[in-house]
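A short write-up of the structure that comes next.
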Amino acid sequence: MEIWHNPRCSKSRTAVAFLDEAGVEYTVRRYLEDSPSADEIRDLLGLLGMEPWEITRTGDQPAKDLGMAAWGKTADDRERWITALAENPALIQRPIVTTDQGHAVVARTEDALQSLL
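So the sequence shown is numbered by our numbering: it starts at 73 and just counts up by one.
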């Protein structure tokens, strides 16, 4: 298991505490310091079964600065979103947890985390 973690985020800290309490082994990826590549984001989206705009923090200032609220959300727009996430990892929803079995969730709730155990 791996958690894309931002220690400044309360949801992310809660997810780490949940994993600790569950006694599962996991690695921490501080994705703001160890930014994911566009390929890694594509792979992650495949595991999540989501589109890049679904994991984007569109209300955050960097997204506003980029004008992302006006961006299209079609297959043709997908790479633009992925590139923006790779260049601005703070825009990625957190935390995200992946498993070695090829599952992933945006772990903002206990139910989402529980689904991986």
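Note that the Cβ used here is the ideal one computed from N, Cα and C, for glycine as well.
One or two residues paired with residue i in a DSSP bridge
i: Val178; result: Ile168
Nearest-angstrom Cβ-Cβ length linking residue i and residue j, presumed shorter than 8 Å
i: Val169; j: Ala179; result: 5 Å
i: Glu123; j: Arg150; result: 7 Å
i: Tyr98; j: Ile75; result: 6 Å
i: Glu174; j: Leu119; result: Looking at the sequence shown, residue 174 is not Glu but Gly. With a Cβ gap of about 6 Å, Gly174 and Leu119 count as contacting.
i: Val96; j: Leu189; result: 7 Å
i: Arg129; j: Ile154; result: That pair is no contact at about 15 Å.
i: Met73; j: Thr181; result: That pair is no contact at about 17 Å.
Residue i classed as buried or exposed, judged by whether at least 16 other C-beta atoms fall within 10 angstroms
i: Leu91; result: buried
i: Leu79; result: Checking the sequence shown, residue 79 turns out to be Pro, not Leu. Its Cβ having fewer than 16 others within 10 Å, Pro79 is exposed.
i: Gln165; result: buried
i: Lys84; result: Residue identity check: residue 84 is Ser in the sequence provided, not Lys. Result: buried.
i: Leu185; result: buried
i: Ala141; result: exposed
i: Ala156; result: buried
i: Ala94; result: exposed
Q) Which runs of the alpha helix (DSSP H) spanning at least 4 residues fall entirely within the region 134 to 159, listed in chain order? A) 150 to 159
**Q.** the region 102 to 114 touching the region 148 to 163, judged by at least three CB pairs closer than 8 Å
**A.** yes
Q. Where are the beta strand (DSSP E) runs, 3 residues long or more, that stay fully inside the region 76 to 128, in chain order?
A. As far as the region 76 to 128 is concerned, its whole beta strand (DSSP E) runs of at least 3 residues are 99 to 101.
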